[in-house]
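These notes are about the structure you will find just below.
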Amino acid sequence: MEKGDLSMKQQHAIKAKTFRCLHEQSSTFVLPNAWDAMSAKMFEAGGFQAIGTTSAGIAASLGYPDGQQLPRAKLVEVVRNIAHSVAVPVSADIEAGYGRSVAEVVQTVKEVVAARAVGINIEDGTGNPSKPVFSISEQTEKIAAIKASHTPLFVNARTDIYWLKIGDPLSRFQEAEKRAIAYQEAGADCLFIPGLTDREEIQKMRAAISIPINLLVDSEMPALTELSTIGIERLSCGSAPFRATATLLAAICEQIVHDETFSHLTKDILSYSSITKIMSQ
1374 MEKGDLSMKQ
1384 QHAIKAKTFR
1394 CLHEQSSTFV
1404 LPNAWDAMSA
1414 KMFEAGGFQA
1424 IGTTSAGIAA
1434 SLGYPDGQQL
1444 PRAKLVEVVR
1454 NIAHSVAVPV
1464 SADIEAGYGR
1474 SVAEVVQTVK
1484 EVVAARAVGI
1494 NIEDGTGNPS
1504 KPVFSISEQT
1514 EKIAAIKASH
1524 TPLFVNARTD
1534 IYWLKIGDPL
1544 SRFQEAEKRA
1554 IAYQEAGADC
1564 LFIPGLTDRE
1574 EIQKMRAAIS
1584 IPINLLVDSE
1594 MPALTELSTI
1604 GIERLSCGSA
1614 PFRATATLLA
1624 AICEQIVHDE
1634 TFSHLTKDIL
1644 SYSSITKIMS
1654 Q
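Count along the sequence shown starting at 1, add 1373, and that's the number in our numbering.
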């Protein structure tokens, strides 16, 4: 049977299996994070085997601040556009789930799965300064409900203990470890710990849990070869590609307005035909 003859359901199942297998390699795989169809297709053309989404990049590209300020329908639409534009698996960042109740979070998951996402990120950060993270019991209830309703879905459970710098730095590892173990027991397929960059603490976390670990790119992060040696399965780019693109736009503005030159726009850039070809694939 030719690939084109496969049903949507069969294609989705193949992508889901492929995505899970990427977390079973002997080396750390890098997951780039797209904010629209164009960025997703660029990542695919660049050779990446799977693509995640960036909540910050999607929100900013549509004129919203990050932190679930984007309407859920718009999030799902972007996930659908991205997933339909590439042949590789796509995982969706749904932040804290876009819902006040567990049922609403499960509904969000249902919609992104229908949009052809094979995985999600679900975080324990609340966006509320007075209560920056959900309790362990609240978060494990969400994770368990998501897995019960979408068993094949790859759930990347994120804890923001390091990212939000919660608590005493000396006890931060213990709290993150406690949450990682609880999320694993609730059914998470992978643990995402942005902000964790210390080599020794990464090694300790690797020894504490048995499911894959996902870290976030950072200037303090050990090299990919070392992460592979430690046994870290996945490294996400987060909003960094989007911010790097915005940085280039800022440099273009600076050059035109202040220097009255245009080399950032004319030197060593993709041609119009190259972009057209990428988007036609």
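Even for Gly, the Cβ is constructed at its ideal location relative to N, Cα and C.
Specify whether the stretch 1413 to 1420 and the stretch 1428 to 1445 touch according to this definition: at least 3 beta carbon pairs, one from each stretch, less than 8 Å apart. Contact between the stretch 1413 to 1420 and the stretch 1428 to 1445 is absent: fewer than three C-beta pairs spanning the two stretches fall below 8 Å.
Whole angstroms are fine: how far does the CA of Thr-1649 sit from the CA of Leu-1543? Their backbone Cα atoms lie some 52 Å apart in a straight line.
One question on the structure: do Ala-1389 and Thr-1426 come within less than 8 Å of each other, judged by their Cβ atoms? No; because the gap between Cβ atoms is not below 8 Å, this pair is not in contact.
Per DSSP, which one or two residues make a beta bridge with Cys-1610? Paired residue(s): none; Cys-1610 is not in a bridge.
Report yes if the CB atom of Leu-1404 is closer than 8 Å to the CB atom of Arg-1545, and no otherwise. Their beta carbons are not under 8 Å apart, which means Leu-1404 does not touch Arg-1545 by this criterion.
Which residues does DSSP list as the beta-bridge partners of Val-1528? Residue pairing for Val-1528: DSSP places it in a beta bridge opposite Ile-1493.
Below 8 Å on the Cβ atoms is my contact criterion, and I expect Val-1482 with His-1523 to pass it. Report the Cβ-Cβ distance as a whole number of Å. Contact flag correct, Cβ pair sits at about 6 Å.
Determine the closest residue to Glu-1450 out of Arg-1473, Asp-1409, Thr-1532 and Glu-1511, with distance taken between C-alpha atoms. Measuring from the Cα of Glu-1450, the nearest candidate turns out to be Asp-1409.
Alpha carbon to alpha carbon, what distance is there between Glu-1514 and Phe-1565? If you draw a straight line from the Cα of Phe-1565 to the Cα of Glu-1514, it is about 17 Å long.
With H, G and I counted as helix, E and B as strand and the rest as coil, what does DSSP make of Ile-1505? The amino acid occupying residue 1505 in the given sequence is Pro; Ile does not appear at that position. In this structure, DSSP gives Pro-1505 an extended state, which the three-state scheme calls strand.
Leaving aside the five residues before and after Ala-1413 along the sequence, list all residues of the same chain whose C-beta is less than 6 Å from its C-beta, in chain order. Taken in chain order, the residues that qualify are Ala-1407, Ile-1424, Ile-1455, Ser-1458 and Val-1459.
Cβ pair Ile-1605, Ala-1559 closer than 8 Å: The beta carbons of Ile-1605 and Ala-1559 sit no closer together than 8 Å.
Neighbourhood of Ser-1647 by C-beta distance below 8 Å, restricted to the same chain and skipping five residues each side: So no residue of the chain qualifies.
Quick one, are the C-beta atoms of Ala-1521 and Ala-1561 less than 8 Å apart? No, Cβ-Cβ distance for Ala-1521 and Ala-1561 is not below 8 Å.
Note down the Cα distance separating Ala-1488 from Val-1452, rounded to an integer number of angstroms. Roughly 6 Å separates the two Cα atoms.
Express the C-alpha separation of Leu-1569 and Glu-1496 in angstroms, rounding to a whole number. Each residue's alpha carbon lies about 15 Å from the other.
Give the range of the beta strand (DSSP E) segment to which Ser-1464 is assigned. Residues 1463 to 1466.
Among Ala-1433, Ser-1583, Asn-1587 and Leu-1526, which one has its Cα closest to the Cα of Asp-1533? Answer by Cα proximity: Asn-1587.
Hey, Met-1578 and Ala-1553: beta-carbon distance below 8 Å or not? Taking 8 Å as the Cβ cut-off, Met-1578 and Ala-1553 qualify as a contacting pair.
State the CB to CB distance for the pair Val-1528 and Phe-1392, rounded to an integer number of angstroms; the pair is presumed to be in contact (CB under 8 Å). With a Cβ gap of about 12 Å, Val-1528 and Phe-1392 do not count as contacting.
So within the stretch 1549 to 1600, which uninterrupted alpha helix (DSSP H) runs reach at least 4 residues, ignoring any that extend past its ends? Note on the stretch 1549 to 1600: whole alpha helix (DSSP H) runs with a minimum of 4 residues are 1572 to 1581, in chain order.
In the DSSP assignment, the alpha helix (DSSP H) including Val-1485 goes from what residue to what residue? The continuous alpha helix (DSSP H) containing Val-1485 extends over residues 1475 to 1487.
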